[in-house]
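Protein chains in written order, with the numbering used here: chain A, 159 to 192; chain B, 12 to 513.
The C-beta atom is built at its ideal place from N, Cα and C for all residues, glycine as well.
None of the values given here were measured: they were computed from a predicted structure.
Each remark here refers to the structure printed beneath this line.
And the structure:
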């Protein structure tokens, strides 16, 4: 039988935490451009 | 233990001591000793904050928890990452500016006293007490981690391992103070990061790839693959609430005060968050692949014995790598432990030197004298932590959880309100600290003191930081409203902290 991580688990793993990295870089580049 | 592993390990330790000695030559006054004279660049501040934050918890505690509970444990990582981000985003720059405006405060108790123009010194005493009590537990968690490492890797007894780890850490904190701690944190942060990337990658590849790993874990128990399986509302909220702790951790917010300019903070935030999130992923996947690797049908041949799940990362270094690399990876674990303990010892010693000794015992003490009091304080506090760590039943995660909640509740709401609420007063700050700290202590003991168990009342299963944080926030606001309004000087400084560019 094939197993896999549930979709909700994938979303919880790969949305909130990577999003924080993206937000940090967005605000860094916005500050630089100012 | 292979000779090559020992050589790599010793090279690392000598390097750390060399940094301590170099920093010793650059340390001339107490501000240098506890804050490095506010000259940290963004990247050093970021990795230093990250490495001080992520103790043995990251390399031993979290992989161990994942090994036991599978994906259901990732909530804690999500909560922590969000908390760290919010701390960088909202607290860092404001605190850096406000501590400069508030009479160039160099410690958290110093800031509270100057922020609220407290002449009675009561804020300083209470906050120094909170620091000394909760850091004793926090530091001892690191010493337990160090002892686990030396015990599992070098075949020492628990007691020998405890003392050897403590002596190494104390010697360079004793010598170099903040500069040594920040520079070593920077290197240690890089080392931890590499270890957390390499170990899960090699372990997954040993398992035959990602799909094979997931299949093997699912065959043991499909519940390991689902973050929501068995999750309760109270359980999930408690794990996410770890993020609240960030706002009150003195060893982390001290890094914000030490950044050389607020302009460095966006860079520090980006570097710090990237480091943290990737390191958390490394720890999560190390624990996850460990479920399959150390099982009856896995390459490890058998499951880890009961109670030794926190040695998972150490076991991986022993079975997966050649002795040279294993030495480097063990050094990374020691890095995680050292980089946290040294920062905590330093904050505790500054509470003793600046807040207790200079505040009460010898107001006219010279800078040189204060640096030496700080150094002696490092040794005394370390001895108390060693005494607490003597109980080998203590787990890293439990000790960290307790201290983390204590700081988060006692200092978190008070610090946030002090930075962002003009109407906050000294009495409000005092009430917030006392209510937050006591709530955590009492909540953790509800069962042993009052016979109230989470089985009878599920709400009592909440992580103690939640009631502590909420009640401290309410107390701080209520007592601020009840008493006198803040003085015009306080309001003026508050406004200055919003606009000044430093």
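Which residue from the options puts its Cα closest to that of residue i?
{"i": "residue 328 (chain B)", "options": "B:205, B:496, B:153", "result": "B:205"}
{"i": "residue 354 (chain B)", "options": "B:225, B:124, B:392, B:233", "result": "B:392"}
{"i": "residue 476 (chain B)", "options": "B:386, B:431, B:435, B:249", "result": "B:249"}
{"i": "residue 31 (chain B)", "options": "B:349, B:462, B:116", "result": "B:349"}
{"i": "residue 450 (chain B)", "options": "B:471, B:82, B:408, B:466", "result": "B:471"}
{"i": "residue 119 (chain B)", "options": "B:401, B:130, B:139", "result": "B:139"}
{"i": "residue 276 (chain B)", "options": "B:508, B:103, B:17, B:67", "result": "B:103"}
{"i": "residue 202 (chain B)", "options": "B:298, B:346, B:289", "result": "B:346"}
{"i": "residue 418 (chain B)", "options": "B:479, B:351, B:306, B:395", "result": "B:479"}
{"i": "residue 497 (chain B)", "options": "B:461, B:510, B:437", "result": "B:437"}
{"i": "residue 431 (chain B)", "options": "B:462, B:464, B:505, B:499", "result": "B:505"}
{"i": "residue 365 (chain B)", "options": "B:135, B:468, B:196, B:79", "result": "B:135"}
{"i": "residue 68 (chain B)", "options": "B:485, B:507, B:413, B:222", "result": "B:413"}
{"i": "residue 260 (chain B)", "options": "B:66, B:70, B:389", "result": "B:66"}
{"i": "residue 448 (chain B)", "options": "B:462, B:416, B:461, B:459", "result": "B:416"}
Of all the CB atoms in chain A, is at least one closer than 8 Å to the CB of residue i?
{"i": "residue 258 (chain B)", "result": "no"}
{"i": "residue 132 (chain B)", "result": "no"}
{"i": "residue 74 (chain B)", "result": "no"}
{"i": "residue 280 (chain B)", "result": "yes"}
{"i": "residue 229 (chain B)", "result": "yes"}
{"i": "residue 290 (chain B)", "result": "no"}
{"i": "residue 310 (chain B)", "result": "no"}
{"i": "residue 92 (chain B)", "result": "yes"}
{"i": "residue 225 (chain B)", "result": "yes"}
{"i": "residue 96 (chain B)", "result": "yes"}
{"i": "residue 201 (chain B)", "result": "no"}
{"i": "residue 101 (chain B)", "result": "no"}
{"i": "residue 85 (chain B)", "result": "yes"}
{"i": "residue 261 (chain B)", "result": "no"}
{"i": "residue 237 (chain B)", "result": "yes"}
{"i": "residue 233 (chain B)", "result": "yes"}
{"i": "residue 211 (chain B)", "result": "no"}
{"i": "residue 155 (chain B)", "result": "no"}
{"i": "residue 65 (chain B)", "result": "no"}
{"i": "residue 247 (chain B)", "result": "no"}
If you draw a straight line from the C-alpha of residue i to the C-alpha of residue j, how long is it?
{"i": "residue 182 (chain B)", "j": "residue 383 (chain B)", "result": "14 Å"}
{"i": "residue 180 (chain A)", "j": "residue 125 (chain B)", "result": "36 Å"}
{"i": "residue 426 (chain B)", "j": "residue 258 (chain B)", "result": "7 Å"}
{"i": "residue 502 (chain B)", "j": "residue 429 (chain B)", "result": "11 Å"}
{"i": "residue 159 (chain B)", "j": "residue 34 (chain B)", "result": "29 Å"}
{"i": "residue 369 (chain B)", "j": "residue 386 (chain B)", "result": "14 Å"}
{"i": "residue 367 (chain B)", "j": "residue 240 (chain B)", "result": "50 Å"}
{"i": "residue 411 (chain B)", "j": "residue 434 (chain B)", "result": "33 Å"}
{"i": "residue 310 (chain B)", "j": "residue 271 (chain B)", "result": "49 Å"}
{"i": "residue 483 (chain B)", "j": "residue 452 (chain B)", "result": "13 Å"}
{"i": "residue 167 (chain B)", "j": "residue 161 (chain B)", "result": "6 Å"}
{"i": "residue 217 (chain B)", "j": "residue 293 (chain B)", "result": "16 Å"}
{"i": "residue 164 (chain B)", "j": "residue 375 (chain B)", "result": "48 Å"}
{"i": "residue 454 (chain B)", "j": "residue 160 (chain A)", "result": "44 Å"}
{"i": "residue 121 (chain B)", "j": "residue 208 (chain B)", "result": "39 Å"}
{"i": "residue 423 (chain B)", "j": "residue 486 (chain B)", "result": "13 Å"}
{"i": "residue 183 (chain A)", "j": "residue 105 (chain B)", "result": "19 Å"}
{"i": "residue 510 (chain B)", "j": "residue 108 (chain B)", "result": "9 Å"}
{"i": "residue 291 (chain B)", "j": "residue 222 (chain B)", "result": "21 Å"}
Verify the CB distance criterion: does residue i have a CB-CB separation below 8 Å to chain B?
{"i": "residue 182 (chain A)", "result": "yes"}
{"i": "residue 191 (chain A)", "result": "no"}
Is the shortest distance between the beta-carbon of residue i and the beta-carbons of chain D less than 8 Å?
{"i": "residue 160 (chain A)", "result": "Of the protein chains in the structure, A and B, none is chain D."}
Along the chain, where does the alpha helix (DSSP H) containing residue i start, and where does it finish?
{"i": "residue 287 (chain B)", "result": "276 to 304"}
{"i": "residue 406 (chain B)", "result": "Run containing residue 406 (chain B): none; DSSP gives neither H nor E here."}
{"i": "residue 161 (chain B)", "result": "133 to 165"}
{"i": "residue 257 (chain B)", "result": "Neither: residue 257 (chain B) is in no alpha helix (DSSP H) and is coded neither H nor E."}
{"i": "residue 493 (chain B)", "result": "476 to 493"}
{"i": "residue 189 (chain A)", "result": "174 to 191"}
{"i": "residue 373 (chain B)", "result": "That residue, residue 373 (chain B), is in no alpha helix (DSSP H); it is neither H nor E in DSSP."}
{"i": "residue 434 (chain B)", "result": "Looking at the DSSP string, residue 434 (chain B) is not in any alpha helix (DSSP H), and its letter there is neither H nor E."}
{"i": "residue 82 (chain B)", "result": "Per DSSP, residue 82 (chain B) belongs to no alpha helix (DSSP H) and is neither H nor E."}
{"i": "residue 327 (chain B)", "result": "323 to 331"}
{"i": "residue 357 (chain B)", "result": "334 to 361"}
{"i": "residue 222 (chain B)", "result": "221 to 231"}
{"i": "residue 118 (chain B)", "result": "That residue, residue 118 (chain B), is in no alpha helix (DSSP H); it is neither H nor E in DSSP."}
The region 90 to 102 of chain B touching the region 308 to 324 of chain B, judged by at least three CB pairs closer than 8 Å: no
Touch test, the region 225 to 245 of chain B against the region 357 to 365 of chain B, Cβ-Cβ under 8 Å, three pairs minimum: Here the region 225 to 245 of chain B does not lie against the region 357 to 365 of chain B, with fewer than 3 beta-carbon pairs under 8 Å apart.
Three CB pairs or more closer than 8 Å across the region 69 to 84 of chain B and the region 304 to 320 of chain B: yes
Three-pair Cβ contact test at 8 Å for the region 434 to 449 of chain B versus the region 479 to 497 of chain B: yes
Cβ contact (3+ pairs, closer than 8 Å) linking the region 332 to 342 of chain B and the region 264 to 271 of chain B: No, they do not touch.
At least three beta-carbon pairs within less than 8 Å, the region 126 to 145 of chain B to the region 59 to 73 of chain B: no
Given 8 Å, three or more beta-carbon pairs between the region 79 to 94 of chain B and the region 50 to 57 of chain B: no
Inter-stretch contact (C-beta, 8 Å, three-pair minimum) for the region 283 to 293 of chain B and the region 108 to 118 of chain B: Counting C-beta pairs closer than 8 Å gives fewer than three between the region 283 to 293 of chain B and the region 108 to 118 of chain B, which falls short of the contact rule.
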